[in-house]
Amino acid sequence: MKTVALIPARYQSSRFPGKPLVKLLGKPMILWVTDIAAKALGAENVYVVTDDERIASVVREAGYQTIKSSFNALTGTDRLAEASEHIAADVYINIQGDEPLVNPDDILKIRDVKLANPDKVINGFCWLSSAEDPASVNIPKVITNERNELVYMSRNPLPGHKESDRAPQRYKKQVCIYAFSRAELAAFRDFGRKSELEWSEDIEILRFLELSRRVLMVETSPGSLAVDVREDVAPVEKALEEVHRKC
Numbered sequence: 003m004k005t006v007a008l009i010p011a012r013y014q015s016s017r018f019p020g021k022p023l024v025k026l027l028g029k030p031m032i033l034w035v036t037d038i039a040a041k042a043l044g045a046e047n048v049y050v051v052t053d054d055e056r057i058a059s060v061v062r063e064a065g066y067q068t069i070k071s072s073f074n075a076l077t078g079t080d081r082l083a084e085a086s087e088h089i090a091a092d093v094y095i096n097i098q099g100d101e102p103l104v105n106p107d108d109i110l111k112i113r114d115v116k117l118a119n120p121d122k123v124i125n126g127f128c129w130l131s132s133a134e135d136p137a138s139v140n141i142p143k144v145i146t147n148e149r150n151e152l153v154y155m156s157r158n159p160l161p162g163h164k165e166s167d168r169a170p171q172r173y174k175k176q177v178c179i180y181a182f183s184r185a186e187l188a189a190f191r192d193f194g195r196k197s198e199l200e201w202s203e204d205i206e207i208l209r210f211l212e213l214s215r216r217v218l219m220v221e222t223s224p225g226s227l228a229v230d231v232r233e234d235v236a237p238v239e240k241a242l243e244e245v246h247r248k249c
């Protein structure tokens with residue numbers, strides 16, 4: 003069973019233009035992510051999917067493969083659906099290009115859960131740390147049923163509570179490692195637009211709810227931090243330094 007890592011990366015991020023090429027400890031962020039993916043799956047199975055030649059050039063110079071995507075793709079997952087038409091694989095792992103602290107073991111964990119559950123989309127989650135604000139709109143919060151299947155995901159702090167003594171003690175947050183089959187990616191793209199919930203929350207996995215596709219959430223390592231805005235760069239660099247100090 004062949005598994006490939008597809009890393010969507012676009013230059014024109016509305017909140018942080020040029021984000022994939024921002025330097026973290028002197029290295030472009032996209033290369034932190036490709037190196038992690040290569041550690042998990044092998045460099046020959048890593049592809050960066052981008053519409054921008056500046057990103058593609060940096061990736062190719064580092065020895066990784068790129069796939070050109072259309073400039074007007076609706077989301078990163080739509081880009082991956084395009085790319086999957088040109089790459090034969092059984093499992094496509096989506097690793098976001100702005101999460102340079104992903105644990106390679108979690109990539110393998112997501113892959114293995116997908117192989118065991120081929121009829122479900124797989125996505126990662128971990129618990130918010132005490133330093134993270136559940137009210138931050140930059141952190142998608144995850145609601146699951148007791149089987150860890152996705153019920154909903156929101157930028158608001160969920161679950162809600164009617165009385166203070168019923169407030170949740172902790173919150174789940176999305177970790178942007180996903181596993182898809184080619185058919186699931188095709189169905190996502192063929193929907194042809196962002197769903198209403200997806201558009202409102204700006205969380206693309208919500209489109210699968212409209213497709214009646216079950217999404218199984220898998221707990222991953224704590225400590226994942228994403229670079230959503232420029233202010234995230236300093237804390238992510240600090241976390242990277244701590245990780246490498248322990249190695």
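Note that the sequence shown covers residues 3 to 249 in our numbering. Don't be surprised by glycine CBs; every beta carbon is placed ideally from N, CA and C. All values reported here derive from a predicted model rather than from experimental measurement.
Next item on the list: For Lys174, count neighbouring C-beta atoms within 10 Å of its own C-beta (all shown protein chains included) and say buried if the count is 16 or more, exposed if not.
Entry: Indexing the sequence shown from 1 puts residue 174 at position 172. Within a 10 Å sphere around the beta-carbon of Lys174 sit 16 or more other beta-carbons, which makes this residue buried.
Next item on the list: Would you kindly work out how many angstroms separate the C-alpha atoms of Ile32 and Gly162, rounded to a whole number?
Entry: Position 30 of the sequence shown, counted from the first residue, corresponds to residue 32. Position 160 of the sequence shown, counted from the first residue, corresponds to residue 162. In a straight line, the C-alpha of Ile32 is about 36 Å away from that of Gly162.
Notebook entry, point to check: Is the beta carbon of Ser132 sitting closer than 8 Å to the one on Lys143?
Noted result: Working through the sequence shown from its first residue, we reach residue 132 at position 130. Working through the sequence shown from its first residue, we reach residue 143 at position 141. No, the pair does not count as a contact, with Cβ atoms beyond the cut-off.
Next item on the list: Evaluate the contact criterion for the region 48-61 versus the region 11-27: three or more CB pairs, one atom per stretch, below 8 Å.
Entry: yes
Check: Exposed or buried, what is Ser226 when buried is set at 16 or more other beta-carbons lying within 10 Å of its beta-carbon?
Finding: In the sequence shown, the residue the question calls residue 226 occupies position 224. Buried: at least 16 other Cβ atoms inside 10 Å.
Next item on the list: Provide the residue span of the beta strand (DSSP E) that contains Pro237, from first to last.
Entry: Residue mapping note: residue 237 aligns to position 235 of the sequence shown, counting from 1. Per DSSP, Pro237 belongs to no beta strand (DSSP E); it is in the alpha helix (DSSP H), 235-248.
Checklist line | C-alpha gap between Asp108 and Lys70, whole angstroms | finding: For the purposes of this step, residue 108 is taken as residue 106 along the sequence shown, with counting starting at 1. For the purposes of this step, residue 70 is taken as residue 68 along the sequence shown, with counting starting at 1. If I take the Cα positions, the gap works out to 27 Å.
Notebook entry, point to check: Rounded to whole angstroms, how far is the Cβ of Val93 from the Cβ of Arg113, which I believe are closer than 8 Å?
Noted result: Numbered from its first residue, the sequence shown carries residue 93 at position 91. Numbered from its first residue, the sequence shown carries residue 113 at position 111. Indeed, because the Cβ distance is near 6 Å, the residues count as touching under 8 Å.
Next item on the list: Determine, using beta carbons only, whether Leu82 and Leu160 come nearer to each other than 8 Å.
Entry: One-based indexing of the sequence shown puts residue 82 at position 80. One-based indexing of the sequence shown puts residue 160 at position 158. The answer is no: Cβ separation not under 8 Å.
Next item on the list: Since I believe Glu151 is in contact with Arg216 (beta carbons under 8 Å), could you give me their beta-carbon distance rounded to a whole number of angstroms?
Entry: As a working mapping, residue 216 is identified with position 214 in the sequence shown. As a working mapping, residue 151 is identified with position 149 in the sequence shown. Confirmed, about 6 Å.
Check: The alpha helix (DSSP H) with Glu84 in it runs from where to where?
Finding: For this step, residue 84 is matched to residue 82 along the sequence shown. Taken as a continuous stretch (DSSP letters only), the alpha helix (DSSP H) holding Glu84 covers 78-86.
Margin query: Checking the sheet assignment: what are the DSSP bridge partners for Thr52?
Written below: As a first step, residue 52 is located in the sequence shown; it is residue number 50 there, counting from the start. Its beta-bridge partners are Ala11, Lys70.
Note to self: DSSP three-state label for Leu218, please.
What the structure shows: Along the sequence shown, one-based indexing puts residue 218 at 216. Three-state DSSP puts Leu218 in a strand.
Note to self: Let me check understanding here. Comparing Cα to Cα, which of Tyr66, Lys116, Asn125, Ala118 lies closest to Thr79?
What the structure shows: The count along the sequence shown starts at 1 and reaches residue 79 at position 77. Of the listed residues, the one whose Cα sits closest to Thr79 is Asn125.
Checklist line | Bridge partners - Lys143, DSSP secondary structure assignment | finding: As a first step, residue 143 must be located in the sequence shown, where it is residue number 141. Looking at the DSSP assignment, Lys143 forms a beta bridge with Ser156, Lys175.
Margin query: Am I right that Val123 and Phe210 are in contact with their C-beta atoms under 8 Å? What's the rounded C-beta distance?
Written below: Looking up residue 123 in the sequence shown gives position 121. Looking up residue 210 in the sequence shown gives position 208. Confirmed, about 6 Å.
Check: For Asn125, which of helix, strand or coil comes out of DSSP?
Finding: As a working mapping, residue 125 is identified with position 123 in the sequence shown. Looking at Asn125 - three-state DSSP - the assignment turns out to be strand.
Item checked: Unbroken beta strand (DSSP E) run spanning Ile89, endpoints -> Your numbering for residue 89 matches position 87 in the sequence shown. Counting along the chain, Ile89 falls outside any beta strand (DSSP E), and DSSP gives it neither H nor E.
Note to self: Helix, strand or coil, according to DSSP, for Asn181 in the structure here?
What the structure shows: Your numbering for residue 181 matches position 179 in the sequence shown. Residue identity differs from the one stated: residue 181 is Ala in this sequence, not Asn. In the structure shown, Ala181 sits in a strand (DSSP, three-state: E or B).
Check: Based on the DSSP secondary-structure assignment, which residues constitute the bridge partners of Asn96?
Finding: Within the sequence shown, numbered from 1, the residue matching residue 96 stands at position 94. DSSP, once it has assigned bridges, lists Leu8, Tyr180 as partnering Asn96.
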